[in-house]
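Take any residue in the sequence shown, count from 1 to its spot, add 84: that is its number in this note's numbering.
Glycine included, C-beta positions come from ideal geometry on N, C-alpha and C.
Notes to accompany the following structure.
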Amino acid sequence: MKNISGKALIFLIALFTYGHFTSAQSSNDYAPAMSPDSRKIVFYSYRNGDGRIYVMNPDGSNQKEITGNEGNDIEPKWSPDSRKIIYASSRNGVSNVFITNADGSEQKQLTQFKSGFTGPEAWGSDNKIYFRRSDQTITGEQLWRMNSDGSAQKLLMTIPNGQFGIGIAPDQKKVYYSTQEENKKRDIYVSNLDGSKTKKLTQVPGNTSSVKVSPDNKKIIFTANSHGNEEIYIMDRNGKGIKRLTHSDQAEYFISFTPDSKSILFDSERNGQGDIFSMSLSGENITNITNTSTLNRFANTAANKVVYISQQDGNAEIYIANQDGTSAKRLTNNTYSEGNPVLSADGKIIAFQSNESGNYDIYVMNANGGGLKKVTSHESDDYEPALSADGQKVVFVSERDGNTELYEATVSDGNVRRLTTNPGADNNPGYSPNGKIAWNTNRDGNWEIYLMDGEVKNPVNLTKNQTLDVYPKFSADGSAITFNTFRYEPGSPHIATMNLDGTNVTRITYDEKGRRWNPAFSTDGSRIIFESNGTEDHNYHLFSINLSNGEIAQITKK
């Protein structure tokens, strides 16, 4: 599961509701946009306390702050000639649109609204500035236009139930936005700039949010929580050919195209806090540009070893180590996006997901990094694998039938069979030693943990809780399951354990330091290994907790 829709929604609201920017957000970097001449990227960051506008080279070098005022400066956009930048600032108490030279000189306020949020959306080739407004007195979100000196401000349209960003076509003839019909989910729509000739473009599970149009006017990118977490999707301008590009357990947001329409810039907290990333239109070659944070995540244990994803050497790669974090060894070294490594019970085989072939497929390799083998080959994404105890089968998640369902493949020949058939989302499967499968699903309207036998018979809801229960993993002896739950503190994931029938739910974590995700039993069952960003640098690291005394130790340092 690509994390929790509620979490993503709360975070997006914090990003796009200006009143939430009155306090620092650690050193997060947001809202990247490349200049039309492709020489600079502008973004904003809280690394010095308040929100400030920065520019840097496309490779992330020469990062320079260009604004420094009371309040927060956010959401920058370039002028067509790459010489000026517009942005939103609350320096005078209320968010309005400002303009500055690209070096930060000659800052000037363009709008003079007395309440609500006013922020820039685009600087068109017609030298008009498009901006959006939201206020308690407005039902929805307004799209406005003005001259580059702030004159001739004109309301173009009001988007009912609109929020989270608007996409202006490069020819300034169409506007793309996310909104919802009454009592229905949020989808992407297109209309003329005056709101006429409205047409729905998407019909995807979950809710869409921000949307942007490529400079060549051929492609559209948007974010949606179709699988529980805000991820990036791409489609043709007419709404056809929708494809999911990112697979992270953290929200992806603030999307934009590069001027050549060949790459995408976006924000993600996948490494622990907000960094700026780039990737190709196929979702490949994901690169951390700002490198404010690092990560050690997605731990899976077996045979007294732990496999995980780490960015300690730059690119996110698969590592294996002792369960106390010692003797860590890097197993992969490439530019592809890899994730969710799992280790067979005997410690000899690792299964993982990789987009080496253009979309995500399931691979296996030996525990020393050799013997790479591709298990699945499908045009849709296959991800979140788990290995059977004997290493001969792998259960995974796939969207090949239009919805996230569980499938099982034979490692030797790649034969696949479908395990679940339900309109809800099924994610994060795991095998018990005797072949049972636990996973989390929202088929009942809420994320719960289910259990089924290997023949897909009699799936049982184990948690039956009104809050979120996710990420189940079995103990090595198959007697217990550890998982994440929100039942103890709303909005805060804690770790718990339970019996195989769902009884004896026991809370394991109590501290308030960071967010604790992806728990896994140590091989002897005495500890639980998990990831948390409750560190001084706010980055994700691996920790272990002693189940007998509750002592927590950090096991990755870099």
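Candidates Leu-239, Phe-197, Ser-129, Pro-513: closest to Val-554 by CA position
The candidate whose alpha carbon is nearest that of Val-554 is Pro-513.
Output needed for Ala-470: all residues of its chain with C-beta closer than 6 Å, excluding positions within five of it in sequence on either side, in chain order.
Same-chain partners within the cutoff: Val-426, Val-479, Pro-513, Gly-514, Tyr-515.
Span of the beta strand (DSSP E), counted from its first residue to its last, around Gly-514:
It spans 510-515 - the beta strand (DSSP E) in which Gly-514 sits, taken as one unbroken run.
Give me the Cα-Cα distance between Gly-323 and Ser-464, rounded to the nearest whole angstrom.
Cα-Cα distance, rounded: 18 Å.
Whole-angstrom distance between Lys-458 and Asp-485, CA atom to CA atom
Straight-line Cα distance between these residues: approximately 21 Å.
Bounding residues of the beta strand (DSSP E) (the contiguous stretch that carries His-578)
Element bounds for His-578: 576-583.
May I ask which residues mark the beginning and end of the beta strand (DSSP E) holding Gly-203?
Per DSSP, the continuous beta strand (DSSP E) segment holding Gly-203 begins and ends at 201-207.
Own chain partners of Pro-254 with C-beta closer than 7 Å, once the 5 adjacent residues on each side are dropped
Result list for Pro-254: Ser-209, Val-297, Pro-299, Asn-301, in chain order.
My output table needs one value for Ile-592: the three-state DSSP class, helix, strand or coil.
Correct three-state label for Ile-592: coil.
Buried/exposed call for Thr-460, threshold 16 Cβ in 10 Å
It counts as buried.
For a quick check, are the C-beta atoms of Leu-552 and Trp-523 less than 9 Å apart?
Contact flag unset, no.
Backbone secondary structure at Lys-327 - three-state DSSP
In the three-state DSSP reduction, Lys-327 falls in the strand class (E or B).
Is it right to say Tyr-594 is buried, meaning 16 or more other beta carbons lie within 10 angstroms of its own, or is it exposed?
Label assigned to Tyr-594: exposed.
Taking the alpha-carbon of Ser-280 as reference, which of Thr-640, Val-259, Asn-588, Ile-318 has the nearest alpha-carbon?
The residue with the shortest Cα to Cα distance from Ser-280 is Val-259.
Can you tell me whether Lys-413 is helix, strand or coil according to DSSP?
Note: Lys-413 maps to strand in three-state DSSP.
What does a CB cutoff of less than 7 Å around Leu-239 pick up in its chain, not counting 5 residues either side in sequence?
By the criterion of a C-beta distance shorter than 7 Å, Leu-239 is surrounded in its chain by Gln-226, Trp-228, once the five residues flanking it on both sides are discounted.
Would you check if the segment 402-417 and the segment 605-621 touch, i.e. whether three or more CB-CB distances between them fall below 8 Å?
Yes, the segment 605-621 touches the segment 402-417.
How would you label Ala-92, buried or exposed, when you count the other beta carbons within 10 angstroms and need 16 or more for buried?
Confidence is the limiting factor: at Ala-92 the pLDDT is only 33, short of 50, which leaves the residue's position unreliable and the question unanswerable from this model.
Since Val-554 is in the beta strand (DSSP E), which residue starts that stretch and which ends it?
According to the DSSP assignment, Val-554 belongs to the beta strand (DSSP E) that extends over 553-558.
Could you tell me which residues DSSP puts in a beta bridge with Val-181?
For Val-181, which the question treats as bridged, DSSP gives the partners Ala-172.
Based on Cα-Cα distance, which residue from Thr-416, Lys-541, Ile-304, Gln-396 lies nearest to Leu-365?
Comparing C-alpha distances from Leu-365 to each of Thr-416, Lys-541, Ile-304, Gln-396 shows the shortest one belongs to Ile-304.
Using the C-alpha atoms, what's the distance from Asp-430 back to Tyr-491?
Using only the alpha carbons, I get a separation of about 23 Å.
May I ask you to report which of helix, strand or coil DSSP gives Ile-393?
Assigned with DSSP and collapsed to three states, Ile-393 falls in strand.
On the three-state DSSP scale, how would you describe Ala-637?
In this structure, Ala-637 counts as strand in the three-state DSSP scheme.
Quick check: what's the CA-CA separation for Arg-502 versus Glu-489?
Glu-489 has its alpha-carbon roughly 8 Å from the corresponding atom of Arg-502.
Taking the straight line between their C-alpha atoms, what separation do you get for Thr-195 and Trp-162?
Separation of Thr-195 and Trp-162 (C-alpha to C-alpha, rounded to the nearest whole angstrom) is 17 Å.
Assuming Gly-453 contacts Thr-416 under a Cβ cut-off of 8 Å, what Cβ separation, rounded to an integer in Å, is found between them?
Their Cβ separation, rounded to whole angstroms, is 7 Å, which keeps Gly-453 and Thr-416 in contact under 8 Å.
Euclidean distance between Cα positions of Ser-107 and Ser-352:
Unreliable positioning characterises Ser-107 in this predicted model, as indicated by a pLDDT of 30, which lies under 50. The coordinate reading is nonetheless provided below. In a straight line, the C-alpha of Ser-107 is about 20 Å away from that of Ser-352.
What residues in its chain sit with their C-beta under 8 Å from that of Phe-105, if we drop five residues either side in the sequence?
The predicted position of Phe-105 is uncertain, since its pLDDT is 31 and thus under 50; no value can be drawn from it.
Tell me whether Lys-124 sits in a helix, a strand or coil according to DSSP, three-state version.
Collapsing the DSSP output to three states places Lys-124 in coil.
For Thr-494, three-class secondary structure by DSSP:
Here Thr-494 sits in strand by DSSP.
Short of 7 Å in beta carbon distance, which residues of its chain neighbour Lys-86, apart from the five on each side in sequence? Order them along the chain.
Residue confidence for Lys-86 is low, a pLDDT of 38 falling below 50, so the modelled location carries little weight and cannot support an answer.
Out of curiosity, what's the CA-to-CA distance linking Ile-612 and Asn-388?
Ile-612 and Asn-388 have their alpha carbons spaced roughly 12 Å apart.
For Asp-271, count the other beta carbons within 10 Å of its own beta carbon; 16 or more makes it buried, fewer makes it exposed. Which is it?
Residue burial annotation: Asp-271 is buried, with at least 16 other C-beta atoms found within 10 angstroms of its C-beta.
Could you check what DSSP says for Phe-338 in three-state terms: helix, strand or coil?
In the structure shown, Phe-338 sits in a strand (DSSP, three-state: E or B).
Taking just the CA atoms, how far does Thr-307 sit from Tyr-102?
Unreliable positioning characterises Tyr-102 in this predicted model, as indicated by a pLDDT of 32, which lies under 50. The coordinate reading is nonetheless provided below. Tyr-102 and Thr-307 have their alpha carbons spaced roughly 20 Å apart.
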